[in-house]
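To start, the structure itself, in structure tokens.
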Amino acid sequence: MSLPPWKNLKGNSDRSAQRFDQSFPKRLFFALRPDPQVRRHLAKLQRDFSQPNASVHRAGNLHMTLAFLGMVDQRRYKAICRMASRLRESRFTLRLDYTGYWRRPQILWCGPAYTPGPLVELVTHLWDGLEACGFEPEQQDYRPHVTLMRKAAAVKPQQLNTEIVWPVSHFELMWSHSKEGVLRYETLNRWSLVSLK
Numbered sequence: 019m020s021l022p023p024w025k026n027l028k029g030n031s032d033r034s035a036q037r038f039d040q041s042f043p044k045r046l047f048f049a050l051r052p053d054p055q056v057r058r059h060l061a062k063l064q065r066d067f068s069q070p071n072a073s074v075h076r077a078g079n080l081h082m083t084l085a086f087l088g089m090v091d092q093r094r095y096k097a098i099c100r101m102a103s104r105l106r107e108s109r110f111t112l113r114l115d116y117t118g119y120w121r122r123p124q125i126l127w128c129g130p131a132y133t134p135g136p137l138v139e140l141v142t143h144l145w146d147g148l149e150a151c152g153f154e155p156e157q158q159d160y161r162p163h164v165t166l167m168r169k170a171a172a173v174k175p176q177q178l179n180t181e182i183v184w185p186v187s188h189f190e191l192m193w194s195h196s197k198e199g200v201l202r203y204e205t206l207n208r209w210s211l212v213s214l215k
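Residue numbers (our numbering): 19 to 215.
Right under this line is the structure:
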């Protein structure tokens, strides 16, 4: 019987951030981070939908969450890094072509109308490994999106005139924290996805 991806013996190339606050627990999540070109397109969307009272996500904070973990101690941090390093997932391309609004959290977001299969597999295999590390799976269905702003007034969902093409070659483990009153998302580790070529 074949092992699930996170139990493969050969580890992925783990690019660990060597300089970060060593204190634990930390508020962590797995995510995709856009490259500079995709960030520029997302920043333009933020300007296009500008609202005076909304809280706009800083360019450096733009991301697509894969799995939110909450507060994680050092033992579990090491375990999930080992798990993530053994994943063998394919590279893929996201096509962000839709904006939407969630009323209760007052979030304006951008996402794909179609979720590519490799993204579904990545999220599924991450949660398979996370459950083995003792994490409770999320109860709601996964809805890929990039938050553009919070505390936003309602906006009708709409299709973008020009889709944002986002080539995805890696995923990251990120730390959510505040520094001098500013919310920051800092990369602690990143792992490459596998090219099909």
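Each residue gets a CB set at the ideal place from its N, CA and C atoms; glycine is no exception.
(message) Please list the terminal residues of the continuous alpha helix (DSSP H) segment that includes Cys99.
(response) By one-based count along the sequence shown, residue 99 stands at place 81. Cys99 -> alpha helix (DSSP H) spans 92-103.
(request) May I ask you to list the residues that DSSP assigns as paired with Gly88? (result) In the sequence shown, the residue the question calls residue 88 occupies position 70. As DSSP reads the structure, Gly88 sits in a beta bridge with Leu46.
(request) State yes or no: is the C-beta of Phe153 within less than 8 angstroms of the C-beta of Leu50? (result) Translated into the one-based positions of the sequence shown, residue 153 becomes position 135. Translated into the one-based positions of the sequence shown, residue 50 becomes position 32. Not a contact, by the Cβ cut-off of 8 angstroms.
(request) Have a look at Val200, Trp209, Leu191 and flag the residue whose alpha-carbon is nearest the alpha-carbon of Lys44. (result) One-based indexing of the sequence shown puts residue 44 at position 26. Among Val200, Trp209, Leu191, the Cα nearest to that of Lys44 is on Leu191.
(message) Contact defined as beta carbons within less than 8 angstroms: I believe Pro136 pairs with Arg113. What is the distance between those atoms, to the nearest angstrom?
(response) To locate residue 136, count along the sequence shown from 1; it is residue 118. To locate residue 113, count along the sequence shown from 1; it is residue 95. No, Pro136 and Arg113 are not in contact; Cβ-Cβ is about 13 angstroms, not under 8 angstroms.
(request) With DSSP as the reference, label Thr111 as helix, strand or coil. (result) Position 93 of the sequence shown, counting from 1, holds the residue named residue 111. Strand at Thr111.
(message) Could you compute how far the alpha carbon of Gln177 sits from the alpha carbon of Leu211?
(response) As a first step, residue 177 must be located in the sequence shown, where it is residue number 159. As a first step, residue 211 must be located in the sequence shown, where it is residue number 193. Rounded to the nearest angstrom, the two C-alpha atoms are 29 angstroms apart.
(request) Go ahead and label Thr117 buried or exposed: buried means 16 or more other beta carbons lie within 10 angstroms of its beta carbon, across all protein chains shown. (result) By one-based count along the sequence shown, residue 117 stands at place 99. The residue is buried, with at least 16 neighbouring Cβ atoms inside 10 Å.
(request) Within the same chain, show all residues whose beta-carbon is closer than 6 angstroms to that of Ala72, passing over the 5 residues directly before and after it, in chain order. (result) As a working note, residue 72 is residue 54 in the sequence shown. Cβ neighbours of Ala72 beyond the five flanking positions: Met167, Lys169, Ala170.
(request) Give me the Cβ distance between Thr165 and His75, rounded to the nearest whole Å; I'm assuming they're in contact under 8 angstroms. (result) Residue numbering aside, residue 165 sits at position 147 when the sequence shown is read from its first letter. Residue numbering aside, residue 75 sits at position 57 when the sequence shown is read from its first letter. Between His75 and Thr165 the Cβ distance is about 6 angstroms, and since that is below 8 angstroms, they are a contact.
(message) So for Lys25, helix, strand or coil by DSSP?
(response) Locating residue 25 in the sequence shown gives position 7, counting from the first residue. The pLDDT assigned to Lys25 is 42, lower than 50, so where the model puts this residue is not dependable, and the model offers no usable value.
(message) For chain C, check one thing: does any of its Cβ atoms lie closer than 8 angstroms to the Cβ of Phe48?
(response) Within the model displayed, chain C is absent; a lone protein chain is all it includes.
(request) Report, in whole angstroms, the separation of the C-beta atoms of Trp184 and Thr111, which I expect to be a contact under 8 angstroms. (result) By 1-based counting over the sequence shown, the position of residue 184 is 166. By 1-based counting over the sequence shown, the position of residue 111 is 93. About 7 angstroms; that satisfies the 8 angstroms criterion.
(request) Look up Gly135 in the DSSP assignment and say whether it is helix, strand or coil. (result) The residue labelled residue 135 in the question sits at position 117 within the sequence shown. DSSP places Gly135 in helix when its eight states are reduced to three.
(message) Helix, strand or coil, according to DSSP, for Leu211 in the structure here?
(response) Walking along the sequence shown from the start, residue 211 turns up at place 193. Coil.
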